[in-house]
Ligand code: GLA
Ligand code: ZN
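Residue numbers (the working numbering): 1 to 673.
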């Protein structure tokens, strides 16, 4: 069994991407002195260094990296060492221009940024294996080495390449998946629009077409791209395992990023020794701490509940959004510790020292342009100390209350063109349901639709358009044996090939929900409807309505107006020992909360009215004890009730009863007993 925890790291991980090659060596001494001052325990090195390490084909310069690793080791700082395969040197592309990726409309990218790669390219694969081997041979047992960091953020900025080698590779992939062109014709439904293929050799990637292409082909191309990128990860990982045994291998994920749309992290979670994630606050006007919590929960779930590590976030503003606000005082620590509450074994940043040159000079760092006389630096030092106070939580696991189903394949399929309404956005519904659960102070595990759900009293299905028959059976069985299920509209519609399940929608969910949907009736932009139900109160909804025909389900809320006026809007179905709820429209936050109130009641999930809004309370438990994290995102002091007294680890104070969490602060209580 490969190791999973960074080797030799006796504390929570704290540090960042360290790019000493951007600075004269005279600066390095100051770097390590300040790292020690801040309590840095690990840094990520060499992620973009291929051009320096191999300045000409077969000519290597490891001297500078030797000195960096030795210096870090002398100062007790562990190293997360990158394989620099996300940016091959320019000489490589001049010799192999076809290793640059091609877009669906046939344009080839040029060298000069990063991540421009064709993952099918044999020369790239050979060169990546070579530099990885050289690094592993040289540093595989270096005393500073704690973790291998393969590549960087696979899947962005190029999620798929459409070149001729990829076309050939795609055909090989199809041969393995399907065997024959006839099987592909069947799966892709090529009888439609006369797209039948006579042989696999006639098939190309889904390149530019004048109107919508075959959706099943597009979906399979995502799967192919994901599998291809994973082949390359595996090749590097296997070299590292062989030449550097005992050192875990990771690659940094971006689990919750919607732009990263060709990576199936369920599959990737099984490939890495330690799941690591990058998360940045997306400033689109929504509550950033909710998105952060979701990213952390999703990452932990991808890790199967095991400890994971936040490998990158920012001390303050980033530089790649249209507007990049600075974090407010205290926000960085809240962000970091919220990740830790949800299972991260530390908090790492991009990057250690803010760059003077290049594309990211306006991105915040642990050590800003302004040096140590800055607020950011003072907060960094304080965070390092806080993480040290929390060392004992390492290895404990976050406890979840409910599950939300999540599937990248479904999301890919759902985002294809020509759906009933472009205003329906599966990710938006996932975010909205997550936020509703967050506001009820419930901790969420994400689960694959075919996973064992028996541990959860409540399972929420926000918008899972693609669902296999196995997933449908899984949910039916879950409800029959006593679970409570809450399903949102446009779920269970198609199979793994984007073909509508036979019979009335929602195919694989008809029986468990006790209903059929006769017709979708999406709304025009800006139109809203009202649904009325228990207590006579009206709830607002928009985007989507439909004609639901109950076949065993009872109607709980009814459309008061709109195209489906008088028809069921929200239903409840008793099946076996459990209950299945169905929501057929896009409810606003208060509506989701009203439905959740009923579903959590059925599931016997306790309400937590004693906790104020925007105060996160999460537990981690394990051999060292049981810990309650309270993160106060509000500007006022709040009281958090404790069932058991304990010791607050950041202040050393005793905590009991209703204990105070000051405005903007985080408290972590080791519960007695
Ligand atoms: C990503 C990359 C880093 C850096 C940060 C900036 O996460 O991995 O190299 O570019 O974004 O936010
Ligand atoms: Zn290609």
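Beta carbons are placed, not taken as given, at the ideal position from N, Cα and C, and that holds for glycine.
Worksheet item: Buried or exposed: where does residue 29 fall if 16 or more other Cβ atoms within 10 Å of its Cβ makes it buried?
Response: Residue environment: residue 29 is assigned as exposed (fewer than 16 neighbouring CB atoms within 10 Å of its CB, all protein chains considered).
Worksheet item: residue 52: which of 616, 32 and 89 sits nearest, CA to CA?
Response: Minimum Cα-Cα distance from residue 52 among the listed residues 616, 32 and 89 corresponds to 89.
Item to complete: Please confirm whether any heavy atom of the ligand ZN lies closer than 6 Å to the CB of residue 161.
Response: Remark: the shortest separation between the CB of residue 161 and any heavy atom of the ligand ZN falls under 6 Å.
Fill in: Span of the beta strand (DSSP E), counted from its first residue to its last, around residue 16
Residue 16 -> beta strand (DSSP E) spans 13 to 18.
Item to complete: Figure out for me which residue from 4, 672, 635 and 643 has the closest Cα to the Cα of residue 329.
Response: Nearest of 4, 672, 635 and 643 to residue 329, Cα basis: 635.
Item to complete: Please confirm whether any heavy atom of the ligand GLA lies closer than 6 Å to the CB of residue 75.
Response: It does not: the Cβ of residue 75 is nowhere closer than 6 Å to a heavy atom of the ligand GLA.
Worksheet entry | Residues near residue 412 by beta carbon distance below 7 Å, same chain, minus five either side | 219, 222 and 261.
Worksheet item: Any heavy atom of the ligand ZN within a distance shorter than 6 Å of the CB on residue 262?
Response: No.
Worksheet item: Any heavy atom of the ligand MN closer than 6 Å to the Cβ of residue 318?
Response: With respect to the ligand MN, the structure shown offers nothing to examine, as its ligands consist of the ligand GLA and the ligand ZN.
Discussion item. I want to check one thing, is the minimum distance from the CB of residue 166 to the heavy atoms of the ligand ZN below 6 Å?
Written reply: Taking non-hydrogen atoms of the ligand ZN into account, the C-beta of residue 166 is found less than 6 Å away from one of them.
Worksheet entry | Exposed unless 16 or more other CB atoms sit within 10 angstroms - verdict on residue 579 | With 16 or more other CB atoms across the displayed protein chains lying within 10 angstroms of its CB, residue 579 is buried.
Fill in: The beta strand (DSSP E) enclosing residue 628, as first and last residue numbers
Start and end: 625 to 632.
Item to complete: With residue 219 as the anchor, note down where its alpha helix (DSSP H) starts and where it stops.
Response: Taken as a continuous stretch (DSSP letters only), the alpha helix (DSSP H) holding residue 219 covers 215 to 243.
Fill in: Paired residues, beta bridge with residue 344 - DSSP
DSSP lists 308 as the bridge partner or partners of residue 344.
Worksheet entry | Distance CB(residue 399)-CB(residue 670) smaller than 7 Å | No, the Cβ-Cβ distance between residue 399 and residue 670 is not below 7 Å.
Item to complete: Please classify residue 254: does DSSP put it in a helix, a strand, or coil?
Response: Here residue 254 sits in coil by DSSP.
Worksheet item: Opposite residue 557 in the DSSP bridges: which residues?
Response: 570, per the DSSP bridge assignment.
Discussion item. Looking at the ligand GLA, does it come within less than 6 Å of residue 654, judged from the CB to the closest heavy atom?
Written reply: No; taking the cut-off as 6 Å, the Cβ of residue 654 has no heavy atom of the ligand GLA nearer than that.
Worksheet entry | Outcome for residue 327 when other beta-carbon atoms lying within 10 angstroms are tallied against a minimum of 16 | Here residue 327 is buried: its Cβ has 16 or more other Cβ atoms, across all protein chains shown, within 10 Å.
Worksheet entry | Beta-ladder partner(s) of residue 488, from DSSP | By DSSP's assignment, residue 488 forms a beta bridge with 583.
Discussion item. For a test of your reading of the model: does the CB of residue 624 fall under 6 Å from any non-hydrogen atom of the ligand ZN? Yes or no.
Written reply: Between the ligand ZN and the CB of residue 624, the shortest heavy atom gap is not smaller than 6 Å.
Worksheet item: Terminal residues of the continuous alpha helix (DSSP H) containing residue 367?
Response: Secondary structure note for residue 367: it is in no alpha helix (DSSP H), with a DSSP letter that is neither H nor E.
Practice prompt. Tell me, please, whether the region 464 to 482 touches the region 279 to 289 by the rule of three or more beta-carbon pairs shorter than 8 Å.
Written response: Cβ pair count under 8 Å is below three, so no.
Discussion item. Rounded to whole angstroms, what is the Cα-Cα separation between residue 661 and residue 246?
Written reply: Note on geometry: alpha-carbon atoms of residue 661 and residue 246 lie some 41 Å from one another.
Worksheet item: What is the DSSP secondary structure of residue 97, reduced to helix, strand or coil?
Response: The three-state secondary structure of residue 97, taken from DSSP, is helix.
Fill in: Inter-residue CB distance, residue 151 and residue 86 (contact presumed, cutoff 8 Å)
Confirmed, Cβ separation roughly 5 Å.
Worksheet item: Considering residue 377, what are the terminal residues of the alpha helix (DSSP H) in which it resides?
Response: Its alpha helix (DSSP H) spans residues 375 to 389.
Practice prompt. Assess, as a yes-or-no matter, whether the region 620 to 635 is touched by the region 381 to 396 under the definition of 3 or more beta carbon pairs within less than 8 Å.
Written response: The region 381 to 396 vs the region 620 to 635: in contact.
Worksheet entry | Inter-residue CB distance, residue 298 and residue 255 (contact presumed, cutoff 8 Å) | About 5 Å; that satisfies the 8 Å criterion.
Worksheet entry | Whether residue 466 touches residue 409 by CB criterion (7 Å) | Between residue 466 and residue 409, the gap from beta carbon to beta carbon is short of 7 Å.
Worksheet item: Is any heavy atom in the ligand GLA found nearer than 6 Å to the beta carbon of residue 350?
Response: Yes - the ligand GLA has a heavy atom lying nearer than 6 Å to the Cβ of residue 350.
Worksheet item: Looking at residue 80 and the ligand GLA, is the gap between the Cβ and the nearest heavy atom below 6 Å?
Response: Checking the Cβ of residue 80 against the ligand GLA gives no.
Fill in: residue 161 - DSSP class collapsed to helix/strand/coil
Residue 161 falls in the coil class under three-state DSSP.
Practice prompt. For residue 419, collect the residues of the same chain with a Cβ closer than 7 Å to its Cβ; drop the 5 residues on either side in sequence, then sort them by chain order.
Written response: Nothing listed; no residue qualifies.
Worksheet entry | Supposed close pair residue 516, residue 557 - CB separation, criterion 8 Å | No, residue 516 and residue 557 are not in contact; Cβ-Cβ is about 18 Å, not under 8 Å.
Worksheet item: Is residue 1 helix, strand or coil when you go by DSSP?
Response: Assignment of residue 1 by DSSP, reduced to helix, strand and coil, places it in the coil class.
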